[in-house]
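If you're matching them up, the sequences are chains A and B in order.
Here this note's numbering is used: the first residue of the first sequence is 1, the next is one more, and so on.
Here this note's numbering is used: the first residue of the second sequence is 1001, the next is one more, and so on.
One structure below.
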Amino acid sequence: QVTLKESGPVLVKPTATLTLTCSISGFSLNTDSAGVSWLRQPPGKGLEWLAHIFSNDDKSYSPSLRTRLTISKDTSKSQVVLKMINVAPEDTATYYCARVAERVTSYGVRRGNWFDPWGQGTQVTVSA
Amino acid sequence: DVQMTQSPSSLSVSVGDSVTITCRASQDIYTYVNWYQQRPGKAPKLLVFAASRLQDGVPPRFGGSGSQTHFTLTINNLQPEDSATYYCHQYYGAPDTFGQGTRLE
């Protein structure tokens, strides 16, 4: 059974760095043609994709947040970490990690397909 | 970015009804569309992938169709547990983008 679980701080001060951890089980981070993605959902709003990390360690980021995000993985711990620098109140959201099915495009670029399953989410509030 | 315009934004329905939710893409995205269900307070769940393929374990009263710029999610014989928000998601253009959501009440 594939499961993912997010963890991290509930409250973060503006300008701080947010570090979120996704702990996975039931699949491997460097095989299985599957990666892990991070997404978020502000209170009462829709879903926003943030970043992918793929089985071969390729990474991709949302262009609007690229300069503030870093995604990495520790295969020995079965964890994927997302760091977001310089957080602001508008970063208040529920953050989800999800397994993402991979594909390789005709240009040789690795891309994500569908997100399944998702973790339960972790709520983060940015406030002084 | 590929814009996904989802409609309606909300819908009031009754048990046994059928509903169709629509997503329109701002460019041709072939069949690179997925649909998710999000029940209140829960994480999203994949229902349909690649426009029309039903995820394992999803009841067959859910169905997806469409291609290019027009996609639909149809739910037949609505059940109380279908009360949720539904999102379309395109993964053809980078970055991945989602529709605004359709809330079924």
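Heads up, the beta-carbon is just placed ideally off N, CA and C, and yes, glycines get one too.
- A direct Cα-Cα distance of roughly 15 angstroms separates A/ALA51 from A/GLN79.
- In terms of Cβ geometry, B/ILE1075 and B/ARG1053 do not form a close pair [threshold 8 angstroms].
- Burial check for B/GLY1064: the Cβ neighbour count within 10 Å reaches 16 or more, so the residue is buried.
- Each residue's CA atom was taken as its position, placing A/ARG68 and A/LYS83 some 8 angstroms apart.
- For chain A, the residues of the region 1055 to 1081 of chain B that bring a beta carbon within less than 8 angstroms of one of its beta carbons are GLN1055, in chain order.
- At a Cβ-Cβ threshold of 8 angstroms, B/VAL1048 and B/LEU1073 count as neighbours.
- Taking all protein chains in view, the Cβ of A/LEU47 is crowded by 16 or more other Cβ atoms within 10 Å, so the residue is classified as buried.
- Between B/ILE1021 and A/VAL104, the alpha-carbon positions lie close to 30 angstroms from each other.
- For B/ASP1096, the chain A residues whose Cβ falls inside 7 angstroms of its Cβ are TRP49, GLY112, in order along the chain.
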